[in-house]
């Protein structure tokens, strides 16, 4: 990971990083089992992330990803396939918040995913298998010197080849 902090962009504080994430096939995997913990595939998911401090109270953040997947050779025997390969995708997470006070931020957040090519089975494209979704919703963060509490709600739209709905995220982080 490469990270640059407290740089300036248009006179505003700009923190950014470039991260190269590799996921190796791990976890228990057996082609004789229909369900496995491991995926038996490699993934490369690099991203560029930034936070722009537009003012002392307003920040804008974004993380831009590209996802590449290798083939699963062999997939579970129950599929009857010799190999499978998930499609490549571009996805973004974004957020903007306003600091109400030193402990509370409120704002909006969301994500967008666009699969760039179709899934493959035995080296052949699976027609109409590209996924897509857009989501946006409100959120807040409360923090003090002991813990941070984040809550976001996302309302999805423009879904293609996947479920669409409402998603909620609650995260509590404690400093020890």
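In the working numbering, the protein residues as written are 10 to 185.
We put the beta carbon where it would ideally sit given N, CA and C, even for glycine.
Could you name the residues of the same chain whose beta carbon sits closer than 8 Å to that of residue 55, not counting the 5 residues immediately before and after it, in chain order? Position 46 of the chain shown holds residue 55. Cβ neighbours of residue 55 beyond the five flanking positions: 27, 28, 29, 30, 74 and 75.
Which residue comes first and which comes last in the beta strand (DSSP E) that contains residue 17? As a working mapping, residue 17 is identified with position 8 in the chain shown. 11 to 18 is the extent of the beta strand (DSSP E) around residue 17.
Could you have a look at residue 41 and say whether DSSP puts it in helix, strand or coil? Taking the chain shown and counting its residues from 1, the one referred to as residue 41 is at position 32. DSSP places residue 41 in coil when its eight states are reduced to three.
If you draw a straight line from the C-alpha of residue 9 to the C-alpha of residue 22, how long is it? Nothing about residue 9 can be read from this structure; the chain reaches only from 10 to 185.
Straight-line Cα distance separating residue 42 from residue 49: As a first step, residue 49 is located in the chain shown; it is residue number 40 there, counting from the start. As a first step, residue 42 is located in the chain shown; it is residue number 33 there, counting from the start. Rounded to whole angstroms, residue 49 to residue 42 spans 12 Å at the Cα level.
Nearest-angstrom Cα separation, counted from residue 62 out to residue 68: Locating residue 68 in the chain shown gives position 59, counting from the first residue. Locating residue 62 in the chain shown gives position 53, counting from the first residue. Answer to the nearest angstrom: the Cα atoms are 4 Å apart.
I need the DSSP call for residue 87, collapsed to helix, strand or coil. The residue given as residue 87 occupies position 78 in the chain shown. Reduced to three states, the DSSP call for residue 87 is helix.
Short check: CB of residue 172 to CB of residue 128, under 8 Å? Against the chain shown, residue 172 aligns to sequence position 163. Against the chain shown, residue 128 aligns to sequence position 119. Cβ atoms of residue 172 and residue 128: not closer than 8 Å.
Within this structure, are the beta carbons of residue 166 and residue 143 separated by less than 8 Å? Translated into the one-based positions of the chain shown, residue 166 becomes position 157. Translated into the one-based positions of the chain shown, residue 143 becomes position 134. Yes, these two residues count as a Cβ contact at 8 Å.
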